[in-house]
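Colleague: The structure that follows is given in the form of structure tokens.
Number of protein chains: 2
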Amino acid sequence: MAGWPTGRLLSTASRLVEHAWLDALTQLGLSHAGLIVLHLLDAGPTSQVALAGLARVEAQTMSRTIDRLEREGFVERHADAVDRRRRVVERTPSGAEVFARARRVEAELFPDVPELPALRTALLSIINSSSSMRWNDDPGSAAPRTGSSVIP
Amino acid sequence: MAGWPTGRLLSTASRLVEHAWLDALTQLGLSHAGLIVLHLLDAGPTSQVALAGLARVEAQTMSRTIDRLEREGFVERHADAVDRRRRVVERTPSGAEVFARARRVEAELFPDVPELPALRTALLSIINSSSSMRWNDDPGSAAPRTGSSVIP
DNA sequence: GAAAAATAGTCAGCCGGCTGATCGTTATTC
DNA sequence: GAATAACGATCAGCCGGCTGACTATTTTTC
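As structure tokens, this is what we get:
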């Protein structure tokens with residue numbers, strides 16, 4: 003496996019780590035994609051395209067993710083009075099509570115890895131160089147403003 | 003984005019890198035999952051469960067991936083005379099040719115990243131610690147034996 | 001040799017990426 | 001002010017992960 007291309011290592015590691023969370027998250031009625039949205043909503047009610055851009059995901063994908071969060075009662079969609087194309091997404095109290103519990107789990111489950119700072123640096127570099135062509139937001143604005151972030 | 007949990011950085015980077023390949027691979031009639039299988043078949047005809055284990059994927063997922071490769075004519079399934087439960091998968095000449103072209107692309111497209119050796123070390127460490135519970139093959143046997151591997 | 005357990009493969013159905021197309025609403029342009 | 005362009009959201013449909021359930025075929029056990 004040491005001979006695998008780096009891209010393949012990347013996707014394999016990603017899948018395995020996500021899989022490790024799945025049980026814990028499922029018990030909370032949550033998924034990985036949903037958790038990201040609940041985190042982004044720290045910054046307050048947000049439109050769907052904005053959420054999609056911040057999560058680096060297409061709008062159609064975000065639409066379905068919000069469908070499921072809404073079905074579970076973690077989120078609500080409200081029509082925007084000013085721009086009637088928009089549907090603003092807002093976290094419910096139930097959503098805030100499940101998020102608080104999930105983020106504690108998230109930090110615990112990530113495996114111990116040597117050279118974690120270098121890993122994070124490399125990943126950020128990959129994301130920046132790969133996403134510049136698809137998402138052009140103000141650099142540095144991708145993190146929610148009020149996020150008291152956990153960095154496992 | 004610097005405040006994101008490491009797991010989220012991992013999956014985001016993984017998706018973006020895969021996306022960068024997609025165009026090139028699609029033009030060849032190939033997908034990322036299919037490319038992995040063609041690579042594994044360097045070692046010669048192989049059963050489907052074996053391929054699934056080597057790719058760190060469930061047997062059902064591998065079954066469908068092979069369906070698509072077969073549909074494109076890159077692979078053939080043959081009944082095993084000895085064990086009639088097995089269907090041995092074999093690369094066709096067309097599959098060998100498309101693989102040769104794809105692997106050249108694979109090496110070119112990976113973005114420049116600082117500390118690449120540290121990144122690879124960290125990813126391997128994550129994969130090993132996360133996959134020990136799901137796949138127990140002889141340590142070190144996950145790479146195809148004849149693989150003249152490209153390491154971008 | 002017959003019954004039970006394990007194995008190889010598949011089907012159905014869920015989630016979450018993606019593209020392409022469509023619909024209603026807002027902005028721009030003339 | 002009307003025609004056009006751009007934008008927000010969604011639908012349809014593909015790929016590729018996953019689980020759970022099922023069939024057919026060994027292999028093991030008694």
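Protein sequence lines, in the order shown, are assigned to chains A and B.
Going by this note's numbering, the residue at position 134 of the first sequence is 136; the numbering climbs one at a time, nothing skipped.
Going by this note's numbering, the residue at position 65 of the second sequence is 67; the numbering climbs one at a time, nothing skipped.
Virtual Cβ for every residue (Gly too), placed ideally from N, Cα, C.
Owing to the predicted nature of the structure, the values given are computational and were not obtained by experimental measurement.
(1) From A/Arg105, A/Leu43 and A/Ala124, pick the residue whose C-alpha is nearest to that of tryptophan 23 of chain A; which is it?
(2) Checking the sheet assignment: what are the DSSP bridge partners for serine 49 of chain A?
(3) With a cut-off of 8 Å on the beta carbons, I'd call serine 33 of chain B and glutamine 50 of chain B a contact; round off their distance for me.
(4) Give me, in chain order, the residues of the same chain whose beta-carbon lies closer than 6 Å to that of alanine 26 of chain A; leave out the 5 immediate sequence neighbours on both sides.
(5) Please identify the residue among B/Thr123, B/Pro116 and B/Ala109 whose C-alpha is closest to the C-alpha of aspartate 114 of chain A.
(6) To the nearest angstrom, how far is it from the Cα of threonine 14 of chain B to the Cα of glutamate 92 of chain B?
(7) Quick check: is the beta carbon of threonine 28 of chain B nearer than 8 Å to any beta carbon in chain A?
(8) Would you call histidine 41 of chain A buried or exposed, if buried means 16 or more other Cβ atoms sit within 10 Å of its Cβ?
(9) From aspartate 85 of chain A to isoleucine 68 of chain A, what does the alpha carbon distance come to, in whole angstroms?
(10) Does the beta-carbon distance from leucine 12 of chain A to leucine 125 of chain B come in below 8 Å?
(11) How many Å lie between leucine 37 of chain A and phenylalanine 101 of chain A at the Cα?
(12) Spell out the partners DSSP gives glutamate 108 of chain A in its beta bridges.
(13) Quick one: list the residues of chain B neighbouring threonine 67 of chain A, beta-carbon separation under 9 Å, in chain order.
Modeller: Walking through what the data contain:
(1) Here the closest residue by C-alpha is A/Arg105.
(2) BP columns for serine 49 of chain A point to A/Val90.
(3) About 17 Å separates the two Cβ atoms, so there is no contact after all.
(4) In its chain, beyond the 5 residues on either side, Val107 have a beta carbon closer than 6 Å to the beta carbon of alanine 26 of chain A.
(5) B/Thr123 is the residue among B/Thr123, B/Pro116 and B/Ala109 whose C-alpha sits nearest the C-alpha of aspartate 114 of chain A.
(6) Using only the alpha carbons, I get a separation of about 33 Å.
(7) For threonine 28 of chain B, the answer is no, since every Cβ of chain A falls outside 8 Å of its Cβ.
(8) Burial call: buried.
(9) Rounded to whole angstroms, aspartate 85 of chain A to isoleucine 68 of chain A spans 20 Å at the Cα level.
(10) Against a cut-off of 8 Å, the Cβ pair of leucine 125 of chain B and leucine 12 of chain A comes out as a contact.
(11) In a straight line, the C-alpha of leucine 37 of chain A is about 7 Å away from that of phenylalanine 101 of chain A.
(12) DSSP lists no partner for glutamate 108 of chain A.
(13) In chain order: nothing, as chain B lies at least about 14 Å away.
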